[in-house]
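Every letter in the sequence shown is one number past the one before it in numbering that gives the first Met the number 0, and letter 186, counting from 1, is 185. Report on the structure given below.
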Amino acid sequence: MRSGGADTPEGDGGGIRAVSRAFRVLGAFSVDRMSLGVAEIVRSTGLPRTTVLRLIETLQAEGLLEFGADGQVRVGTRMIGLAAFAEAAWTLPAASLARMRELAAATGETVSLYVRRGLRRVVVGQAPSPNMLRHVVQTGDELPMWGGSAAFVLLGLEAPDDREELIQRVARLPESRSDADAIRRSVDQAVADGWYISHGQREPGNTGLAVPMLPDPNADGGVPVRPAVLALGGPTIRFTEDRIPGFVAAVRACADDIARTGLPPALH
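Laid out in structure tokens, this is it:
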């Protein structure tokens, strides 16, 4: 889990700081970090110890965290219901996931479905490459919007006025490796071409190729209310010039099929 997503570490602006900080405490936990000491949470969040203790106490009262007999902090039982709800809201229909797996098998590359959350992009569905050497991200991972094919295609799906504001905010992020002009050029190219490919922007040696998910008004789930993109990712050495046109066509065909078979319920 990761909090943030705006120009400041406290969230997307205009919110309640205590809520953002509480999510930073929850974000210290992960599948590999299910039990943490208070000192570990302090280091992970960068918050003062007294603030962390107050937040843990509040989250414990709400059942979201609990102290074990060993003094470690663990995820509380109330998270079970929240996790079940989140899974139901964000799980891809079986037919759509199967189609993504077909694309991964046909191309040999990892297929990911992204949406934007604030100034980050989130993986909401994935079919991993069958190859040992592959692009590795997990469902739920949050990645930057300053670089990468999926980021530029997502920005290109925004209304022009909103798009420019987002570009400016992304460029101002402390971790951004691109200025507003560079981001804008890439977004404009993605809009003009209807797809985008990037090489080594987020990770050296890794390439991403993304296309927009265009809504199908006849789909069972209705027209999505939130922009999404479908992306192919893998080692740059496998994205040779002769293969790229075929990749673009294959990803577009998959995106069209998924528009018909459905996206996660939360996108409608």
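Note that beta-carbon positions come from the ideal geometry of N, C-alpha and C, so glycine has one too.
Check                                                                                                                                                            : Outcome
For R42, is the classification buried or exposed, using 16 other Cβ atoms within 10 angstroms of its Cβ as the cut-off for buried?                               : exposed
So, for S148: in the same chain, excluding its five sequence neighbours on each side, which residues have a beta-carbon less than 7 Å away from its beta-carbon? : Y195, I196, S197, G207, L208, A209, A230
Can you give the Cα-Cα distance for G67 and R73, rounded to whole angstroms?                                                                                     : 7 Å
Helix or strand or just coil, what does DSSP make of Q71?                                                                                                        : coil
Taking DSSP's pairing of strands, which residues face E86 in a bridge?                                                                                           : Per DSSP, none; premise fails for E86.
What I want to know is whether the C-beta of L142 ends up closer than 7 Å to one or more non-hydrogen atoms of the ligand MG.                                    : Of the ligands one can find in the structure shown there are none, so the ligand MG has no counterpart to examine.
State whether the segment 86–101 contacts the segment 231–247, with contact taken as three or more CB pairs (one from each stretch) at a distance under 8 Å.     : no
Given a threshold of 16 other Cβ atoms within 10 Å of its Cβ, counted over all protein chains shown, does P203 qualify as buried or as exposed?                  : exposed
To test your reading of the DSSP string, which unbroken beta strand (DSSP E) runs of 3 or more residues are found completely within the segment 156–228?         : 195–198, 205–211
State the beta-bridge partners of R32 as determined by DSSP.                                                                                                     : S29
Looking at the structure shown, is G233 part of a helix, part of a strand, or coil, going by DSSP?                                                               : strand
Taking DSSP's pairing of strands, which residues face P143 in a bridge?                                                                                          : R119
Could you give the DSSP three-state label for G80: helix, strand or coil?                                                                                        : helix
Going by CA-CA distance only, name the one from V110, T90, W89, A85 that's closest to M99.                                                                       : V110
If you check the beta carbons only, do R120 and A85 fall under 8 Å apart?                                                                                        : no
Within the continuous beta strand (DSSP E) that includes E65, where are the two ends?                                                                            : 64–66
Considering D256, what are the terminal residues of the alpha helix (DSSP H) in which it resides?                                                                : 243–260
Below 8 Å between beta carbons: does that hold for P226 and L118?                                                                                                : no
Between the segment 20–31 and the segment 47–67, are three or more C-beta pairs nearer than 8 Å?                                                                 : yes
Over what stretch of residues does the alpha helix (DSSP H) that includes L132 continue unbroken?                                                                : It is not in any alpha helix (DSSP H) - L132 carries neither H nor E in the DSSP assignment.
Would you report the Cα separation of V136 and Q71, rounded to the nearest angstrom?                                                                             : 29 Å
Using only CA atoms, which one of P127, P159, G232, S19 lies nearest to V269?                                                                                    : The chain is shown from 0 up to 267; residue 269 falls before or after that span and cannot be answered.
What is the DSSP secondary structure of T109, reduced to helix, strand or coil?                                                                                  : strand
Measure the alpha-carbon distance for R32 versus E39 and round it to whole angstroms.                                                                            : 10 Å
Contact check, P129 vs A104 under 8 Å by CB: the rounded distance?                                                                                               : 6 Å
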